Each structure stands twice: as C-alpha cells, then as structure tokens.
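These notes are about the structure you will find just below.
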Amino acid sequence: MTSPIRSRPPRGFAVDRRNTRDGQSAEEVLAKVEWTRRPAKISGADGEVVFKMDDAEVPKSWSQLATDVAVSKYFRKAGIPNKSGAEESVKELVRRVAHTLRVSGEQQGGYFATVQDAEAFEAELTFYLVNQIGAFNSPVWFNCGLYHEYGIKGSGGNYAVDLATGSAFRTEDAYSRPQVSACFIQSCGDDLESIFNLVHNESRVFKYGSGSGTNFSKLRGKMERLSGGGT
144 MTSPIRSRPP RGFAVDRRNT RDGQSAEEVL AKVEWTRRPA KISGADGEVV
194 FKMDDAEVPK SWSQLATDVA VSKYFRKAGI PNKSGAEESV KELVRRVAHT
244 LRVSGEQQGG YFATVQDAEA FEAELTFYLV NQIGAFNSPV WFNCGLYHEY
294 GIKGSGGNYA VDLATGSAFR TEDAYSRPQV SACFIQSCGD DLESIFNLVH
344 NESRVFKYGS GSGTNFSKLR GKMERLSGGG T
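Residue numbers 144 to 374, in this note's numbering, belong to the letters of the sequence shown in order.
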C-alpha cells in the first residue's frame, strides 16, 4: 500500500480565497453571520415528539427543516464541556469539523503550501458550510472533531493508515482517527465464517453512521449443490 503522503504535491496545495478576504479567519467568518435561536423538533409518523431542543443557535437564513435536521441528527448530545453536555450552536458544529480538518492537514504534512493556505482553507470551508453552499456526508458531522475539539474518545477502535508506513492498524479509540467515509464496499465468501464476518464488519460500519454495499456473487444460488452434498 502506498503512503498517501507520496501522492501530494511536494509543496502542498495553494488555496485561493473565493468568498473570504485575505487574512480573514474562520472565527471572523462566523462572526459575520446573522444568528438566531429557535426550537428544533422531530416528530414520528404518529405525531409523537421524538426529539426537541428549545433554544438552538442557527444562522437566521436556515430553514426550519435544515434546523431540525442539523440539530437533531448532527449536534453531539453528550460529552461536551458545557452545562448541558451537548452542542447548542451550529457554530460549534461547523467549527469542530472545519478546524479539525485544517489541523489534521497541517499535522499530517504536505497538504498546505503555507500557513496562510491552511487558514484560507478553514475560512473558506467554514463559509461554505455555514451558508449551505456545500455539506459533508453524515459520518463527517457525526464523528469528525469529537476527539480533537472535545477530547471524546468513544468505545472501540477503527482501522486507520499509518502515514509513515502506509499500512493499516487498529486504533485504540473511535474518534482520534474518526470514520468519515459514507460508503464501504465489502465482499462475502461462500461459507458461514465469511457470512458472519460480514455481519460483524457491517455492524461496525453502521455504528458510526456509514453505509455498506456488498458483492454477494460468490454465494451459491437457491437449489445449487452444497460442498458436503445435498442442495
């Protein structure tokens, strides 16, 4: 396996500012947004309220639907170092994602040509997210930044790539190298061990909000012969 570092430009990427001015920080981008506080609520098919937050801080330009989805699905609800223990503002949500990606790019090396490019990346990404020009998939919102911004580790580990060797290893916790990919492609062999390994692997993928697609072509069809005889 080739180390991802080797595929990057030797001097890193230059980031052009399209929506922010030179020197403008991500925090300054957030400060220019008009914010409001409003309730967020999700109801079931029978009308029963399954989630409610009375005073979430969101951009005033966001619709009620966007508010309900972001607050109910993507705000972290436990382990946050404040009185409620939960994220209460889109500022916190956007900040933990954009800042974590910027810092990770700097720490892993080779992503940004200069510190100014790293700052531009974070500011531009913050602008896109808070103004709904773009959005990440669910696993990014669920998992990115929980460890780096709040120190939340989670139970169980993921698999990640050692950037020095290019080999995969099992992490000690769930969020220091978070699962941020939306889709995983898996395979299944024509034996019980492989079938139940697939169940195990898919369960791990689903736990952190991702999806799984599996190639079942190796499984024998209905009424085909078994290796031990019979059908």
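Beta carbons are placed, not taken as given, at the ideal position from N, Cα and C, and that holds for glycine.
Nothing here was measured: the structure is a model prediction, and the numbers come from that model.
Next on the checklist: Let me check one thing: in DSSP terms, what residues is Gly356 bridge-paired to?
Outcome noted: To locate residue 356, count along the sequence shown from 1; it is residue 213. Its beta-bridge partners are Ile328.
Checklist entry - Thinking C-alpha only, which one of Glu200, Gly166, Gly187 and Glu170 is nearest Arg181? => result Indexing the sequence shown from 1 puts residue 181 at position 38. The shortest Cα separation from Arg181 among Glu200, Gly166, Gly187 and Glu170 belongs to Glu200.
Next on the checklist: Using C-beta distances below 6 Å, list every residue in its chain close to Glu177, excluding the 5 sequence neighbours before and after it, in chain order.
Outcome noted: The count along the sequence shown starts at 1 and reaches residue 177 at position 34. Only Lys203 meet the Cβ criterion.
Checklist entry - So, Thr163 versus Phe270, is the Cβ gap smaller than 8 Å? => result For the purposes of this step, residue 163 is taken as the residue at position 20 of the sequence shown. For the purposes of this step, residue 270 is taken as the residue at position 127 of the sequence shown. For Thr163 and Phe270, yes; Cβs fall inside 8 Å.
Checklist entry - Name the DSSP beta bridge partners of Pro202, please? => result The count along the sequence shown starts at 1 and reaches residue 202 at position 59. Bridge partners of Pro202: Trp178.
Next on the checklist: If I follow the unbroken alpha helix (DSSP H) through Val283, where does it start and stop?
Outcome noted: Working through the sequence shown from its first residue, we reach residue 283 at position 140. Ser281 to Asn286 is the extent of the alpha helix (DSSP H) around Val283.
Checklist entry - Since Ala261 is in the alpha helix (DSSP H), which residue starts that stretch and which ends it? => result As a working note, residue 261 is residue 118 in the sequence shown. First-last of the alpha helix (DSSP H) with Ala261: Val258 to Val273.
Next on the checklist: In this structure, how does DSSP classify Ala307 when only helix, strand and coil are distinguished?
Outcome noted: Against the sequence shown, residue 307 aligns to sequence position 164. Ala307: coil per DSSP, three-state reduction.
Next on the checklist: Comparing C-alpha positions only, which one of Val323, Glu230, Ser360 and Ile185 sits nearest to Ala278?
Outcome noted: For this step, residue 278 is matched to residue 135 along the sequence shown. The shortest Cα separation from Ala278 among Val323, Glu230, Ser360 and Ile185 belongs to Val323.
Next on the checklist: Could you compute how far the alpha carbon of Ala263 sits from the alpha carbon of Ala241?
Outcome noted: In the sequence shown, residue 263 corresponds to position 120, counting from 1. In the sequence shown, residue 241 corresponds to position 98, counting from 1. When rounded, the distance between both Cα atoms is 11 Å.
Next on the checklist: Among Asn286, Gly190, Thr357 and Gln167, whose alpha-carbon lies nearest the alpha-carbon of Thr243?
Outcome noted: On the sequence shown, position 100 is the one that residue 243 refers to. When only C-alpha atoms are compared, the closest one is Asn286.
Item to check | Nonlocal neighbours in the same chain, by C-beta distance under 6 Å from Ser281, ignoring five residues either side | outcome: In the sequence shown, counting from the first residue as 1, residue 281 sits at position 138. Gly352, listed in sequence order.
Checklist entry - Among residues of its own chain, excluding the 5 on either side of Leu341, which ones have a beta-carbon nearer than 7 Å to its beta-carbon? => result As a working note, residue 341 is residue 198 in the sequence shown. So the qualifying residues of the chain are Gln329, Cys331 and Thr357.
Next on the checklist: Using a Cβ-Cβ cutoff of less than 7 Å, which residues in the same chain neighbour Lys365 once the five nearest sequence positions on both sides are dropped?
Outcome noted: Reading the sequence shown from its first residue, position 222 is the one you call residue 365. No residues qualify anywhere along the chain.
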